[in-house]
Amino acid sequence: MGDRELLRQAKLSFGLLDFEDTVRSCRSYRRFKEDEPLGRGFLLALVDIARKVASAANRQPLRYAIVDDPAQCAELFGGLRWAGALTDWDGPEEGERPSAYLVIFSDGEPAKFTWTDCGIAAQTIALAATEAGAGACMMASFSPSVVFDVVGEGAAGMTPLLVLALGIPSETCVLEAAEPGEDLDYWRGPDGVHHVPKRTLASVLIQGKE
Ligand SMILES: Cc1cc2nc3c(=O)[nH]c(=O)nc-3n(C[C@H](O)[C@H](O)[C@H](O)COP(=O)(O)O)c2cc1C
3 MGDRELLRQA
13 KLSFGLLDFE
23 DTVRSCRSYR
33 RFKEDEPLGR
43 GFLLALVDIA
53 RKVASAANRQ
63 PLRYAIVDDP
73 AQCAELFGGL
83 RWAGALTDWD
93 GPEEGERPSA
103 YLVIFSDGEP
113 AKFTWTDCGI
123 AAQTIALAAT
133 EAGAGACMMA
143 SFSPSVVFDV
153 VGEGAAGMTP
163 LLVLALGIPS
173 ETCVLEAAEP
183 GEDLDYWRGP
193 DGVHHVPKRT
203 LASVLIQGKE
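First residue of the sequence shown: 3, per my numbering; consecutive thereafter.
Right, dumping it as structure tokens:
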């Protein structure tokens, strides 16, 4: 049996197909239905899920700010840099901007594994959002001073690590196979579909000893 068939059968027999679908749909969305709020309860639920994930030595250094007030969202939007690879696009227009944000902070200076913890939490939030029909974009290109202006005194002494833009996606994102040496930059087609190259299974597997 070839590897392709082996893979298909394993995903079927271990019940991984639905989870893989969720991961496939869990893309970085940058255009949303801005007029469809996610609701405070949903944002609280995302943080409540994130606080349960693994954390190095269980130190749990992460703190979360919910930004869902439209005026505050507009202010935070001004401190974000969107899609560096889409050089002729300045980010989402009014009406297609995120309807909410979660900002992940480190309580104090980040320690050795704080960024690892942040990635685990951010991906869990993104997966939870996807499962619920929403979408996210993790953003590390942000202005810390704008973040502090928006979040206020509650974040004093903390370090902002990542902004998660959230909303109901209004764009389609698809994965493409990237063979070794091929360009990994994402791109947008004339139909507006966003394409994301991902390395193939064979190219990410390290061959063991014979
Ligand atoms: C740590 C991290 C930081 C990122 N920062 C930004 C950002 O500042 N702006 C942005 O538009 N996208 C940002 N992204 C999204 C990436 O561009 C995106 O993950 C990548 O293009 C692959 O697309 P995918 O998430 O749909 O697989 C970030 C992603 C990660 C994981």
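Even for Gly, the Cβ is constructed at its ideal location relative to N, Cα and C.
In this text the structure is predicted, and so the values were computed from the model without any measurement.
Heavy atom of ligand 1 within 7 Å of residue i beta-carbon
i: W84; result: yes
i: S101; result: no
i: A73; result: no
i: R42; result: no
i: A67; result: no
i: S205; result: no
i: S30; result: yes
Cross-strand partners of residue i (DSSP beta bridge)
i: V105; result: A67 and V165
i: F34; result: P171
i: M3; result: In the DSSP output, where bridge partners are listed per residue, M3 has none listed.
i: A138; result: S30 and L168
i: W189; result: H197
Candidates the options: closest to residue i by CA position
i: T132; options: S15, F16, D5 and L40; result: L40
i: L78; options: E181, A138, S145 and F16; result: S145
i: A138; options: W189, V105 and L207; result: V105
i: V69; options: L177, S205 and G43; result: G43
Supposed contact pair residue j and residue i - C-beta distance, whole angstroms, cut 8 Å
i: E98; j: S172; result: 6 Å
i: A123; j: L168; result: So it is not a contact: roughly 14 Å between Cβ atoms.
i: C175; j: Y31; result: 7 Å
Any non-hydrogen atom of ligand 3 closer than 7 Å to residue i Cβ
i: S108; result: Looking for ligand 3 in the displayed structure turns up nothing; the ligands present are ligand 1.
| message | So within the segment 145–180, which uninterrupted beta strand (DSSP E) runs reach at least 3 residues, ignoring any that extend past its ends? | response | 161–169 and 175–180
| 3-residue-minimum beta strand (DSSP E) runs that sit fully inside the segment 36–97, ordered along the chain | 64–69
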